[in-house]
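Structure, as structure tokens:
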Amino acid sequence: LFHYEDLVKFFQYEVRGISPRGLFNCGNSCYANAVLQCLMCTKPLMIHLLLRLHSKDCCSKNWCLMCELEQYASTLRESGGPVSPSRILSNLRNIGCRLGGGSQEDAHEFLRHLVMSMQAACLDGLGGEKQVEQSLQETTLIQQMFGGRLKSKVKCLRCHHESERYENIMDLTLEIHGWVESLQDALTQFTAPEDLDGDNMYKCGRCCAYVKARKQLSVHEVPNILTVVLKRFQESMARLTNVSLFLICWTWFLL
Numbered sequence: 004l005f006h007y008e009d010l011v012k013f014f015q016y017e018v019r020g021i022s023p024r025g026l027f028n029c030g031n032s033c034y035a036n037a038v039l040q041c042l043m044c045t046k047p048l049m050i051h052l053l054l055r056l057h058s059k060d061c062c063s064k065n066w067c068l069m070c071e072l073e074q075y076a077s078t079l080r081e082s083g084g085p086v087s088p089s090r091i092l093s094n095l096r097n098i099g100c101r102l103g104g105g106s107q108e109d110a111h112e113f114l115r116h117l118v119m120s121m122q123a124a125c126l127d128g129l130g131g132e133k134q135v136e137q138s139l140q141e142t143t144l145i146q147q148m149f150g151g152r153l154k155s156k157v158k159c160l161r162c163h164h165e166s167e168r169y170e171n172i173m174d175l176t177l178e179i180h181g182w183v184e185s186l187q188d189a190l191t192q193f194t195a196p197e198d199l200d201g202d203n204m205y206k207c208g209r210c211c212a213y214v215k216a217r218k219q220l221s222v223h224e225v226p227n228i229l230t231v232v233l234k235r236f237q238e239s240m241a242r243l244t245n246v247s248l249f250l251i252c253w254t255w256f257l258l
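Under the numbering used here, residues 4 to 258 are what the sequence shown spells out, in order.
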């Protein structure tokens, strides 16, 4: 659906005439502003939006997120003050998102809804997700930018049989606790072997019993643009508060 060679060209493009722009806070919309700022600094996506490649073929009769983002990207090129993301925020339900309403929300949840809605918009011209084969779904612009794959390997410590499972991802969630002080530390902790024992024993299909096992996660296919979500827990007033931070890293130059 989108040629990988074009994605490579987008990484090499020079974007001119765009300077950093602030975003108006439309009532506790910091979570959305943070996500939009990161996405608009994602070079291949910004190039695609500025060239209006989606709207040229878009046949949607209703509100379309990709078309809206194209208009939003064009607005960023205009000189002036801060930009309002109100048109996107007023259509949260159209991207399957129940956030908003003036309350503080989670940036990671908004990011996931936004990315999946962009993916759906790329498939709408072909009849929607249900009408497109999985292999073709993985060739959209969004999937080729953010899509990756995790591998989970579990080894039974009784019979030594190993099983592997794969999971498609659009972002990577890393927990920050204990000795973690950097992104590299968080990645090391994420991929460290984990012993499954006690109440968390593994049911081995070969042994037909719950046994001790060792599990390890790894990034099997690295996304061209890796979105890392950093999750940490803050203890305050005798309760735990989940705090999500995220960053977007270009990994194309590593491929």
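Think of the CB as a built atom: it goes at the ideal place given N, C-alpha and C, for glycine as much as any other residue.
Given the structure is predicted, the values throughout are model-derived calculations rather than measurements.
Which of helix, strand or coil DSSP assigns to residue i
i, result
"Tyr213", "strand"
"Leu95", "helix"
"Ile145", "helix"
"Asp202", "helix"
"Gln134", "helix"
"Arg235", "strand"
"Leu129", "coil"
"Ile21", "coil"
"Cys62", "coil"
"Ser89", "helix"
"Leu54", "coil"
"Thr230", "strand"
"Ser77", "helix"
"Leu26", "strand"
"Glu108", "coil"
"Leu220", "strand"
"Cys70", "helix"
Alpha-carbon to alpha-carbon, residue j and residue i
i, j, result
"Val269", "Glu167", "No answer is possible for residue 269: it lies beyond the span of the chain, which begins at 4 and ends at 258."
"Pro98", "Ala124", "According to the sequence shown, residue 98 is Ile rather than Pro. Between Ile98 and Ala124, the C-alpha separation is close to 10 Å."
"Phe3", "Cys210", "Nothing can be reported for residue 3: it is not among the residues displayed for the chain, which extend from 4 to 258."
"Ala1", "Asp202", "Here the chain comprises residues numbered 4 to 258, so residue 1 is not present and cannot be evaluated."
"Met148", "Glu71", "19 Å"
"Arg19", "Leu48", "15 Å"
"Gln15", "Glu108", "35 Å"
"Asp9", "Val214", "49 Å"
"Tyr7", "Gln122", "16 Å"
"Arg55", "Ser77", "9 Å"
"Leu114", "Cys162", "42 Å"
"His51", "Gly150", "17 Å"
"Phe193", "Lys59", "42 Å"
"Val11", "Lys46", "11 Å"
"His116", "Leu229", "17 Å"
"Cys44", "Glu165", "41 Å"
"Gly208", "Ser221", "22 Å"
"Ser120", "Arg96", "11 Å"
"Met80", "Cys29", "Just to set this straight, residue 80 is Arg in the shown sequence, not Met. If I take the Cα positions, the gap works out to 21 Å."
"Ser217", "Val118", "Looking at the sequence itself, residue 217 is Arg, so the reference to Ser does not match. In a straight line, the C-alpha of Arg217 is about 33 Å away from that of Val118."
"Val232", "Gly131", "28 Å"
"Cys67", "Cys100", "14 Å"
Limits of the unbroken alpha helix (DSSP H) element including residue i
i, result
"Asp9", "7-15"
"Asn36", "33-43"
"Thr191", "186-193"
Outcome for residue i when other beta-carbon atoms lying within 10 angstroms are tallied against a minimum of 16
i, result
"Glu297", "Here the chain comprises residues numbered 4 to 258, so residue 297 is not present and cannot be evaluated."
"Cys159", "buried"
"Tyr75", "buried"
"Pro226", "buried"
"Thr191", "exposed"
"Phe260", "Because residue 260 is not part of the residues shown, which for the chain are 4 to 258, the question remains open."
"Ser138", "exposed"
"Glu136", "exposed"
"Tyr169", "exposed"
"Glu184", "exposed"
"Ala212", "exposed"
Residue i - containing beta strand (DSSP E), residue span
i, result
"Cys269", "Residue 269 lies beyond the residue range present for the chain, which begins at 4 and ends at 258; the question has no answer from this structure."
"Glu178", "175-179"
"Glu165", "165-172"
8 Å Cβ cutoff, residue i in contact with chain C
i, result
"Arg209", "Looking at the structure shown, chain C is missing, and only one protein chain is on hand."
Proximity test, residue i beta-carbon vs the ligand HEM heavy atom, cut-off 7 Å
i, result
"Arg80", "Of the ligands one can find in the structure shown there are none, so the ligand HEM has no counterpart to examine."
With contact counted as at least three CB pairs below 8 Å, one residue from each stretch, are the segment 196-213 and the segment 137-145 in contact?
Verdict: no, contact absent.
Looking at C-beta atoms only, is the number of pairs between the segment 33-47 and the segment 80-93 that lie closer than 8 Å three or more?
In this structure the segment 33-47 touches the segment 80-93; the number of beta carbon pairs closer than 8 Å is three or more.
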